[in-house]
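Okay, structure first, notes after.
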Amino acid sequence: MDTTMTTPLTQQPAWQALLQQRQALESQSLRQAFADDPDRAERYQVQAAELLLDYSKNRIDDATLAHLFDLARGAQLEQQRDAMFRGDIINRTEGRAVLHTALRNSRQDTLQAEGANVIPEINQTLAKMKAFVEEVHSGQRTGYTGKAFTDVIAIGIGGSFLGPKVATEALRPYAKSLRLHYVANVDGTSLVEKLKKVDPETTLVLMSSKSFTTQETLANTESARDWFLQSGASQQDVAAHFVAVSSNVPAAVEFGISADNIFPMWDWVGGRYSLWSAIGLPIALAVGFDHFEQLLRGAEAMDSHFLEAPLEQNMPVIMGMLSLWYSNFFDAQSQVILTYDHYLRGLPAYIQQLDMESNGKSVDDAGNPVAHSTGPVIWGGEGTNGQHAYHQLLHQGTAIIPADFILPLSSHNPLGRHHNMLAANCLAQAQALMQGKNLDEAKAELAGKALSEADLDRLARHKVMPGNRPSNTLVMEQLTPATLGALIALYEHRTFVQGALWNINSFDQWGVELGKVLGNAVLAEIEAESASYAQDSSTNGLIKLLRQGSLK
Ligand code: F6P
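Count along the sequence shown from 1, then add 917; that gives the number in the numbering used here.
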């Protein structure tokens, strides 16, 4: 089925209606909307896969939502979603299916993609991962001197790094005794600092690269191998310590990894959507295969919800459409993810790659320039730390920055009143963004101070907070493998919803290519016996400094 849009998005009647809606909401006060409607929070709330989304603090009313869902239907969102789950070639610039959802699909025995049934190979790989993890944990699989493994150096970058790292951090309460150390950057400092902490005899090196061509990952793995060999191990011992995950199995073998130690993945899994595949092996090593499976089941629960719930009650659709609402109709150029759980401190960086590498595009599926803005800048951090840093701009800056607050109801580390304080801060920040503080309130606060009328007025103006700043609040009972899986799948699908509406390809990343090509040319110049200085004058000047190693 051709699921490409017939009428361009900006020419859809719903788009035009939303433009008017935006005007109508200009005078809306969220504070007033809550005062007028005691049921607002209940009406704008949805639950799925053990997550609850409260989206009542958004610049919306029923009419806005109706138009947003009309826009989604006009863009054939449901058909596009079904095409992805079905294994159609929706990544048309690379001629690939997009089937990260198949990796966590326990309901189907058959799913044809790119001419083959993918389910048996997924299950075989999961079984191989399970056996490997259990052998390492039980001590059945040891290092070359017979000692049990104590540490894993996990090497990879981008999607072959962020998902495993963030999940390992998030699931720390479920950790087994193996210590995981992640290395991504080609900056040697990253690897050297990690290697200082480990013993080659008890260290497994797990290299993850879908393409097996990524410069950083190859360089780090080669240097890790040198370190291993320099410690007294022989070339033969490499087989016991080096493991790879890749869709390019021949290249991994060529590199010297034993065929038994290669875990496959496939072209139909995008790097930033790959933690559910063997790319998630470090997660399973960190927390056990059973917990990795629970992570998959949580994501699967969100997949079922995304597939089955009507758009009006569909959490990823609601979040995706709200995100689009602010990007396209409020000129919101960034969005902030605020996690109120220390274990989720890495999640903003994960969602940043997921969303920005997916939706940072400016041509549509046919290659024509888009007529509207696309992916916003995604950033964020953990609460409460951000409250003493960038929240000032969220409250009083000139830009509207929609926020997602993420909060588990209970902590894995109940310590006195800490969790209540954390949660209170989370709720209060969202409330302050929504309510703001008007001039009369600011003046009332200053009443009684020994200030002249003019000084009181001037100072009060600095204390005014505009309010009407939108936010979502996502809560879960506890951060578990299942709720983490659901949360990550939620953001994957939110990203998909926006890409589908914008009619862009969320699954390629051509923009990273030019930098890689130029990087190789610059590297050749830096390392050449005599440089040709064939670049622009700025790059040439900097190359010269690097070759000299001095500013003189
Ligand atoms: O940065 C581009 C990118 O291709 C990402 O999409 C990907 O996750 C990352 O590099 C790593 O790629 P690979 O797993 O092939 O080493």
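Glycine included, C-beta positions come from ideal geometry on N, C-alpha and C.
A quick note: this is a predicted structure, and the numbers were derived from the prediction, not measured.
Item                                                                                                                      : Value
Top-ranked residue by Cα proximity to Leu-1192, from Gly-1080, Ala-1448, Ala-1399                                         : Gly-1080
Pairwise C-alpha distance: Leu-1332 and Val-1050                                                                          : 33 Å
Ile-1174 beta carbon near ligand 1 (any heavy atom closer than 6 Å)                                                       : no
Gln-993 classed as buried or exposed, judged by whether at least 16 other C-beta atoms fall within 10 angstroms           : buried
Residues near Leu-1146 by beta carbon distance below 8 Å, same chain, minus five either side                              : Gln-1152, Val-1155
beta-carbon Ile-1070 near ligand 1 non-hydrogen atom, thresh 6 Å                                                          : no
Straight-line Cα distance separating Arg-939 from Ala-931                                                                 : 12 Å
Local conformation of Thr-1018 per DSSP, three classes                                                                    : helix
Check: Ser-1423 C-beta below 6 Å from any heavy atom of ligand 1                                                          : no
Cβ-heavy atom distance, Ser-1077 to ligand 1, below 6 Å                                                                   : yes
Span of the alpha helix (DSSP H), counted from its first residue to its last, around Glu-1225                             : 1206–1225
Backbone secondary structure at Glu-1110 - three-state DSSP                                                               : helix
Neighbourhood of Ser-1328 by C-beta, 6 Å cutoff - its chain only, sequence neighbours within 5 removed                    : His-1336
6 Å Cβ shell around Ile-1295 - same chain, five flanking residues per side excluded                                       : Gln-1252, Ile-1268, Gln-1269, Asp-1272, Met-1273
Close-in-space but distant-in-sequence residues of the same chain around Ala-934 (CB under 6 Å, 5 per side omitted)       : His-984
C-alpha gap between Thr-920 and Asp-956, whole angstroms                                                                  : Residue placement at Thr-920 is poorly supported in this model, since its pLDDT is 49, which falls under 50; the coordinates still yield a value, given next. Straight-line Cα distance between these residues: approximately 38 Å.
Uninterrupted alpha helix (DSSP H) stretches inside the region 1371–1453 (no shorter than 4 residues)                     : 1398–1419, 1430–1444
Gly-1353, DSSP secondary structure in three states                                                                        : coil
Neighbourhood of Gly-1060 by C-beta distance below 7 Å, restricted to the same chain and skipping five residues each side : Phe-1066, Glu-1118, Thr-1119, Ala-1157, His-1158
7 Å Cβ cutoff met for Asn-1178 and Val-1160                                                                               : yes
With 16 other Cβ atoms within 10 Å as the buried cut-off, status of Gly-878                                               : Only positions 918 to 1469 of the chain appear in this structure, which leaves residue 878 out of reach.
Given 8 Å, three or more beta-carbon pairs between the region 1383–1403 and the region 1362–1370                          : no
Which of helix, strand or coil DSSP assigns to Leu-1255                                                                   : strand
Which listed residue (Ala-1087, Glu-1086, Gln-1132) has its alpha carbon closest to that of Val-1434                      : Gln-1132
Proximity test, Thr-1131 beta-carbon vs ligand 1 heavy atom, cut-off 6 Å                                                  : yes
heavy atom of ligand 1 below 6 Å from Ser-1140 C-beta                                                                     : no
CA nearest to the CA of Gln-937, picked from Ala-980, Ala-952, Gln-962                                                    : Ala-980
Gln-1057 - DSSP class collapsed to helix/strand/coil                                                                      : coil
Distance, Lys-1064 Cα to Asp-971 Cα                                                                                       : 51 Å
Best match in Leu-1356, Glu-1442, Met-1124, Pro-1233 for proximity to Tyr-1465 [C-alpha to C-alpha]                       : One point to set straight first is that residue 1465 is Gln, not Tyr, in the sequence displayed. When each option's Cα is compared against that of Gln-1465, the closest is Glu-1442.
Environment of Gly-1428 [buried if 16+ CB atoms lie within 10 Å]                                                          : exposed
Exposed unless 16 or more other CB atoms sit within 10 angstroms - verdict on Asn-1165                                    : buried
Among Leu-1350, Thr-1062, Tyr-1243, nearest to Leu-1310 - alpha-carbon criterion                                          : Leu-1350
Three-way DSSP call (helix, strand, coil) for Trp-1193 in this model                                                      : coil
Presumed contact (8 Å Cβ cut-off) between Leu-1264 and Ile-1254, rounded CB distance                                      : 6 Å
Buried or exposed (CB count within 10 angstroms, at least 16 for buried), Met-918                                         : Unreliable placement is indicated for Met-918, whose pLDDT of 41 sits below 50; the coordinate value is still reported in the next sentence. It counts as exposed.
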